[in-house]
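Read the structure below first, then the notes.
Residue numbers (my numbering): 1 to 1115.
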């Protein structure tokens, strides 16, 4: 035991050096605190000395009750109707506190006289306020939970304190039917059925934490007893009596809920619910079925979610009129804490979750951007808010009054219970087996790391900037519930934070000088929850909805607060009340506190919704195309554990041609190994007939990558070239050989013999062009990979057509092209206007590369054209003269910015690879940049599975966490290792300026995921094609999480190079699958875009003619 304590003490001292609390003084000295947006007010100034005390011992501790360190909440309300907002704090182990606002940030503690504490002490959690009886005074609802058993029902029963109008309260939960026996975290009151009173969703959790209590973090939490007290509860308000409708509405669950918000996510006039759940159960989206029940739409609404979800909030972060969702998790923001505290993602358990319907759950914060059609795209990595350590309360509000919602996040946990060197120590495991071990002796030496909360300023472009230090919010604490409120009525939102074992914090907002409007929506004595306000002012539109709870265990001020930057007047306000009646106000003054009462308002007549024709619409028919992409399952990670993503799920690819010369478009789509590619021939009735092609069936064991129709033999019909590729078979396998199929002119194909060479390469793309000007088509074949040797480049090839046979002339026609990189796409075009066809090549771990045709040879002139620092993960290319200057420009699809992998010229993203431990397998190591150093992407467990010596060289997680990338791998001879660095991941356009390309990143909403297909469509017949893009990539290693936020993009590119995204609500283009390619096709005289999806169907999206379009859609 002495040895154990010594070890723990040593670990504690070491980790203390990494404690952010030691940095706060240094930060304060480097920041002009007087000019910071927020000032921390002392308890001497405010009179608020509340502390949420947390003490643990052998009987009561986090190992006995997993939510022991989960903290308390805050509620804001004007309890005495004096126009000043008061504060309620909940305490887990002691009395709750009520502070009366006396003005000028001075508060009076009225807790003892108010009667807001039960005679039976319980474990208080969430708190909210509402006028439940309509008497004009705000009442207080306190949730309670804890480690209590059935016999302690009174300690767990929730409390409802009715405001007597004289700053005293009477507990009355039983009178309203709200005194049930639950383990509750928060009460969310909202008007479910638009009848004008408030119903209740009560967030609960099972008092069972077997996963944590047993320490078995690598097994699924078993199904819990189906007891109603473990479930969240839903109550309908029937004449001020709350009637439980949980079972009737099918809402019983066994989730560990920690956050809930009620808001109208689809703008149908009814409040829906988002519930964030801890542990194994997924977060839940509940669609309100017009006040008649709920539908669980989680599977169709969310592509993935946070795994250990804490608090949540909603707000319109991009000012499009639809509310978005933020939920927080536990991912640390710095390398050391990631490597020493982050729980490993177990692949087996992850897929068990997915296969049991528990969705895709990732270990980072999530920002679910509303796509305006009932679906969300998760963009936390793009928005730069994914990592805020062990977080609790996210609240969205405009703290600098610039017109955009900022994000404040509290975080902290009393002890680093996941600190791996402690949890995994032999002594700890032995001690836990002892029946009489001392909690104090084992855990008091656990690291206890205070970190600052986070404040993110909204940049107005879907990204946020970390303003924590600049805005004066750098104090390290264990912080939990939080609320925004204008405590001094100056138009700036202040902050109130409930801390553990430290005094609660009041942060005064000093303001930026920007203007504001505060709107209070009332219905007589009550707040009109569920009502919305839309604000219209020049170049600034905002939409907000009044809700009862926000964040974690907390309630903010009942105000719709609008920052309006420097605008001097508000053109109009549109108020949509909870029952869908509308009130319009015009020429509204700025810097006002505006109260609007439903009962005193005039209502405008409801106009029928203007249903606009859209540029695109998903076809209702499949045109008799029953194709589904299929492929055999293969574990790419079996030998290459640290692969960033699978390499065996690349297809399907597609090409279009008139194969039987009947004037109608046909198409071929590839398939996976074991499944034949398919040819569909269009019929006169605008359907397709799948053609029986024996040659394709005979070759079904090949994996189809790139496909190309071209006339190789100059006989007037389209032949078919299919690139073979695979990460599953060796290079010398016959299944690596590409295939050329000759067309008999009627759409019947036979595989040619001895026409193309057998090249040992796993390719990706084929492109044809008459390179040497002899009148026939030659080929460029892009090489992608060497099986199980990532990131070694596959062999790229120039095949010259010599009298109908193709000869490998790569060495003759181009130096350096053969091993240019992991090629994904290519295009022939005349870059320099000399009439000769040049070549552009893009791919992974390679720059965008241009090969200029010089006297019949292709010469790499990428550096000359300014492309040497463009190494990325490029996937596709599209040619167009965007600025109409006669020189060919292009767009290229890259990884995008919504990934934990980041790359820039200064902070590159690195890979090295070789057989480090000489065991016959390729070893991969990825590195990312952080504060001047490079660190391994993966943790000690995964890294040592790939290279076991790492565990020997770095014997503890602490050592590993302090090690740089070079520290880890300089143990090995790297002279023959593959070393590559990516410098940019943005999808971009490249403007040809004659002697170089000007690179412009596409808008941020085009960076949600990898872009894999780009087409050009002139939607408005102005002679300028809009870019239409599709993407995503699902088979990504689970610690990174799949790329699934792409829903398809439409972007107008103007002749001056400026770009504007056309959102789905205006374009109608929606392709949210795992899209791999896209081609335009004419079916029955109408233009469609065909989108192929990995392991799924082809999606047909119709291009509507201009006559069908409302001209106001693009302005």
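Here a beta-carbon is modelled for each residue, glycine too, at the ideal position from N, C-alpha and C.
Item	Value
Identity of the residues DSSP links to residue 889 by a beta bridge	880
Residues of its chain near residue 472, where Cβ-Cβ distance is below 8 Å and the 5 sequence neighbours each way are ignored	31, 33, 36, 37, 38, 39, 40 and 507
Alpha carbon of residue 7 to alpha carbon of residue 442, nearest angstrom	Below a pLDDT of 50, predicted positions are generally treated as unreliable, and residue 7, at 33, falls in that range; no measurement from the model is reported.
Residue 773 versus 874, 725 and 856, residue with shortest Cα-Cα distance	856
Sufficient close CB pairs (3 or more, under 8 Å) joining the stretch 620-637 to the stretch 891-900	no
DSSP state of residue 753 mapped onto helix, strand, coil	coil
Where residue 351 falls: helix, strand or coil (DSSP)	helix
Residue ranges of each alpha helix (DSSP H) within the stretch 354-435, 4 or longer	380-383, 420-423 and 426-433
Limits of the unbroken alpha helix (DSSP H) element including residue 601	Run containing residue 601: none; DSSP gives neither H nor E here.
Backbone secondary structure at residue 322 - three-state DSSP	coil
For residue 364 and residue 42, the rounded distance between their alpha carbons	33 Å
Residue 586, buried or exposed, once every other Cβ within 10 Å from all chains shown has been counted against 16	exposed
Reduced DSSP category for residue 330 - H, G, I as helix; E, B as strand; rest coil	coil
Residue 231 burial status per 10 Å Cβ neighbour count (16 or more: buried)	buried
Exposure label - residue 746; buried when at least 16 CB within 10 Å	exposed
With 16 other Cβ atoms within 10 Å as the buried cut-off, status of residue 955	exposed
Residue range of the unbroken alpha helix (DSSP H) whose run includes residue 156	153-156
Length of the line joining the Cα atoms of residue 722 and residue 669	10 Å
Close Cβ partners of residue 907 (< 7 Å) along its chain, the five nearest in sequence each way excluded	929
Local conformation of residue 1029 per DSSP, three classes	strand
Residue 933 burial status per 10 Å Cβ neighbour count (16 or more: buried)	exposed
Any 3 or more C-beta pairs closer than 8 Å across the stretch 651-669 and the stretch 1092-1101	yes
Start-to-end residues for the alpha helix (DSSP H) that takes in residue 944	940-946
Assigned secondary structure, residue 694 (DSSP; H/G/I helix, E/B strand, else coil)	helix
Of the residues 513, 578 and 574, the one placed nearest residue 541, counting alpha carbons only	574
Rounded separation between residue 505 and residue 498 - CA only	7 Å
For residue 961, three-class secondary structure by DSSP	helix
Assigned secondary structure, residue 1177 (DSSP; H/G/I helix, E/B strand, else coil)	The displayed coordinates of the chain run from 1 to 1115. Any statement about residue 1177 would go beyond what the structure contains.
Separation of residue 1088 from residue 1020, as counted between CA atoms	16 Å
Distance CB(residue 838)-CB(residue 853) smaller than 9 Å	yes
Which of helix, strand or coil DSSP assigns to residue 784	strand
Residue from 190, 841, 142 and 825 with nearest C-alpha to residue 178	142
Contacting residues, own chain, Cβ-Cβ under 8 Å from residue 830 (five flanking each side not counted)	836, 837, 838 and 888
Test item: CB-CB of residue 201 and residue 273 under 9 Å	yes
Limits of the unbroken beta strand (DSSP E) element including residue 951	Unbroken run through residue 951 is the alpha helix (DSSP H), 949-953; no beta strand (DSSP E).
Where residue 621 falls, given that 16 or more other Cβ within 10 Å makes a residue buried	exposed
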